[in-house]
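Scroll down for the structure; my scribbles are underneath it.
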Amino acid sequence: MIEKNTGITHEKAVVACLLANTEAITNVIGFLKADMFSSRELGFIYKAIVHLFEQGKRTNYNLIDRTMQEMDRELFLQMNGLAYDPELFTMARDSSQVTEYALLIKDSYIRFRLTEHLNAVKLSLTDVGTPITTILGTLHSGVDKICNDTDTGNEARPLAEIVASNLKDFRKNRALGLDSRAIPSGFTEFDKLTGGGFFPGEIYTLAARPSEGKSMVTLHILQEIAKKGYHVRLVNHEMGDYDTANRSIAMLTDINPDFLRRGVLTEGQEMEVERLLQEELTNLKLDIRYMGNARIESIVTETMLACKRGKCDMLAVDYLQLISAPVEKGGTTDEAIGRNINALKDLAVRCNIPVIVVSQMNREIEHRAGKAKIPVLSDLRNSGVIEQTSDVVMFVYRPDRLGITKDEDTGENLVGIAKLLLLKNRNGGIGHANFRHNKTFTKLWDFISFNKKKSKIQQIYPDQ
504 MIEKNTGITH
514 EKAVVACLLA
524 NTEAITNVIG
534 FLKADMFSSR
544 ELGFIYKAIV
554 HLFEQGKRTN
564 YNLIDRTMQE
574 MDRELFLQMN
584 GLAYDPELFT
594 MARDSSQVTE
604 YALLIKDSYI
614 RFRLTEHLNA
624 VKLSLTDVGT
634 PITTILGTLH
644 SGVDKICNDT
654 DTGNEARPLA
664 EIVASNLKDF
674 RKNRALGLDS
684 RAIPSGFTEF
694 DKLTGGGFFP
704 GEIYTLAARP
714 SEGKSMVTLH
724 ILQEIAKKGY
734 HVRLVNHEMG
744 DYDTANRSIA
754 MLTDINPDFL
764 RRGVLTEGQE
774 MEVERLLQEE
784 LTNLKLDIRY
794 MGNARIESIV
804 TETMLACKRG
814 KCDMLAVDYL
824 QLISAPVEKG
834 GTTDEAIGRN
844 INALKDLAVR
854 CNIPVIVVSQ
864 MNREIEHRAG
874 KAKIPVLSDL
884 RNSGVIEQTS
894 DVVMFVYRPD
904 RLGITKDEDT
914 GENLVGIAKL
924 LLLKNRNGGI
934 GHANFRHNKT
944 FTKLWDFISF
954 NKKKSKIQQI
964 YPDQ
């Protein structure tokens with residue numbers, strides 16, 4: 504803990520922000536350490552908040568107080584816990600500035616450490632008996648120590664160390680009998696195209712025209728992945744929990760979606776939902792969270808906590824443009840959305856999970872000449888930064904909705920067939936993956952598996 508620092512106001516601002524909005528800890532935890540605070544008391548409060556976050560616990564005043572007691576009861580009693588400075592609860596707290604305040608604290612800390620070290624070196628220069636090589640060695644070693652003490656934890660790693668880590672994963676996956684470290688999507692053609700499905704650390708942007716079914720595709724994929732035992736999480740910004748659950752029921756039963764929407768079922772349908780609940784959903788690890796117009800910090804914090812608890816193997820966000828994206832002075836909406844998708848990419852890497860980001864498309868495609876209206880990358884709304892950040896960009900494409908019922912080249916009947924068009928794949932090939940659906944797009948099926956069930960196809964599409 505340092506003794507001198509002119510940034511006490513910044514320290515109080517950071518702690519006040521974190522007490523008001525503990526989710527903001529994700530903005531500073533990577534580079535701000537408790538011993539960078541000049542105030543031992545403020546540093547202690549910060550240390551307790553960090554400890555709770557690393558334990559995967561949601562914080563509140565009582566829990567922070569209790570944690571401080573457990574960490575250092577003597578200091579806790581001396582400062583009277585969070586009652587140490589009542590101003591922390593009354594001062595203006597703008598959590599959007601917490602990163603700036605934290606960087607100023609770190610800057611002041613480094614300056615103080617350098618000043619201390621240089622003063623010590625300067626003193627040794629007055630001793631003519633000390634070899635200059637010794638003084639230079641002291642100078643360099645001291646600076647190196649300051650750099651090591653203040654690094655962000657993301658320093659460069661030797662290639663050999665990274666390869667050794669990869670080799671460990673290769674052996675683990677082989678021992679587990681895995682074909683790929685990717686999470687299978689439930690769509691065989693998609694998995695073949697991507698080399699296995701959804702890879703940890705990668706971000707997958709899924710876009711479509713309005714009412715084309717991008718949310719249904721996302722929900723179907725999550726359900727299929729959850730059936731395999733993975734713990735998946737859906738953050739919804741448009742649809743509430745009630746409607747999302749009804750869509751899930753429609754996918755997994757034969758109940759008419761209109762009945763679910765009205766909220767009145769027959770006794771037999773109620774029994775079918777009861778069966779679904781008992782036999783399939785009780786052990787299905789699919790968590791749904793409606794977050795409305797939430798900021799990206801809230802999504803990141805909740806997901807990181809879930810990952811630390813071992814309750815998130817994959818995340819889907821529906822959809823990108825509805826995440827709160829305040830435009831900075833002189834900035835643009837594209838830049839604001841860019842910060843959000845970059846934060847989601849960083850989250851995917853840090854938590855080592857795949858992230859699906861549902862995105863809108865521009866309206867220009869509606870006016871494109873020709874009947875097919877096949878999407879291109881520039882059709883993504885706010886396309887520049889999304890295309891650049893995404894590892895995979897794919898579009899839901901339903902030719903039969905455009906009146907295209909047969910493939911011009913093969914003569915294949917396209918009724919009830921949709922495609923995932925992969926137009927960007929940073930680590931693999933591009934192309935399209937077929938899947939099947941019913942007339943209301945409330946049930947989706949794997950294209951390969953479905954084609955093996957001829958009788959079922961005839962029941963749903965008698966004309967095929």
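Residues 504 to 967 in the numbering used here are what the sequence shown lists, from first letter to last.
Beta carbons are placed, not taken as given, at the ideal position from N, Cα and C, and that holds for glycine.
Nonlocal neighbours in the same chain, by C-beta distance under 7 Å from Val852, ignoring five residues either side: Excluding positions up to five away in sequence, the list reads Gly704.
Span separating the alpha-carbon of Thr806 from that of Leu566: Roughly 20 Å separates the two Cα atoms.
Met897, DSSP secondary structure in three states: Met897 carries a strand assignment under DSSP once its states are collapsed to helix, strand and coil.
Start and end residues, beta strand (DSSP E) containing Val646: Counted as a single uninterrupted DSSP element, the stretch harbouring Val646 is not any beta strand (DSSP E) but the alpha helix (DSSP H) occupying residues Ile635 to Asp652.
Member of Ala875, Gly873 and Ser862 whose CA lies at the smallest distance from the CA of Gly887: The candidate whose alpha carbon is nearest that of Gly887 is Ser862.
Best match in Gly546, Val601 and His940 for proximity to Tyr587 [C-alpha to C-alpha]: By alpha-carbon distance to Tyr587, the top candidate from Gly546, Val601 and His940 is Gly546.
C-alpha distance - Arg674 paired with Val666, whole-angstrom precision: Approximately 12 Å, taken between the alpha carbons.
Asn565 - containing alpha helix (DSSP H), residue span: Segment Tyr564 to Met574, the alpha helix (DSSP H) holding Asn565.
Length at least 4, wholly inside the region 794-878: the alpha helix (DSSP H) runs in chain order: Taking only runs of at least 4 residues, the alpha helix (DSSP H) segments lying wholly in the region 794-878 are 799-811 and 836-854.
Of the residues Tyr612, Leu621 and Val879, the one placed nearest Glu867, counting alpha carbons only: Residue Val879 is the option with its Cα nearest to Glu867.
Boundaries (first-last residue) of the beta strand (DSSP E) holding Ile706: It spans Ile706 to Ala710 - the beta strand (DSSP E) in which Ile706 sits, taken as one unbroken run.
Assigned secondary structure, Ile665 (DSSP; H/G/I helix, E/B strand, else coil): Assigned with DSSP and collapsed to three states, Ile665 falls in helix.
Extent of the continuous beta strand (DSSP E) to which His554 belongs: Here His554 belongs to no beta strand (DSSP E); instead the alpha helix (DSSP H) covers Arg543 to Glu557.
Classification of Ile635 by the beta-carbon crowding that lies within 10 angstroms, buried from 16 upward: Ile635 comes out exposed.
Three-state secondary structure (DSSP) of Phe701: Under the three-state reduction of DSSP, Phe701 is assigned to strand.
Limits of the unbroken alpha helix (DSSP H) element including Val517: According to the DSSP assignment, Val517 belongs to the alpha helix (DSSP H) that extends over Ile511 to Ala523.
Separation of Gly813 from His935, as counted between CA atoms: Roughly 33 Å separates the two Cα atoms.
Distance CB(Thr892)-CB(Asn845) smaller than 8 Å: Taking 8 Å as the cut-off, the beta carbon of Thr892 is found closer than this to the beta carbon of Asn845.
Sequence-distant residues of its chain with Cβ nearer than 8 Å to Pro760 (five each side left out): Within the same chain, Pro760 has close Cβ partners Asn749, Arg750, Ala753, Thr943 and Thr945.
Cβ neighbour criterion (16 or more within 10 Å) applied to Ile920: Buried, by the Cβ-count rule.
Cβ-heavy atom distance, Ser862 to the ligand SAM, below 7 Å: Here there are no bound small molecules, and the ligand SAM is not part of this structure.
Own chain partners of Asn843 with C-beta closer than 7 Å, once the 5 adjacent residues on each side are dropped: If we look at Asn843 and ignore the five residues flanking it on each side, its Cβ neighbours are Ile799, Leu823, Ile826 and Ala828.
Chain-order list of residues whose beta-carbon lies under 6 Å from that of Leu737 (same chain, five-residue window excluded): Counting only Cβ-Cβ distances below 6 Å, and skipping sequence neighbours, we find Leu725, Ile791 and Ala819.
Meets three-Cβ-pair contact criterion under 8 Å: the region 897-909 and the region 708-720: Contact holds between the region 897-909 and the region 708-720, because three or more Cβ pairs, one in each stretch, are under 8 Å apart.
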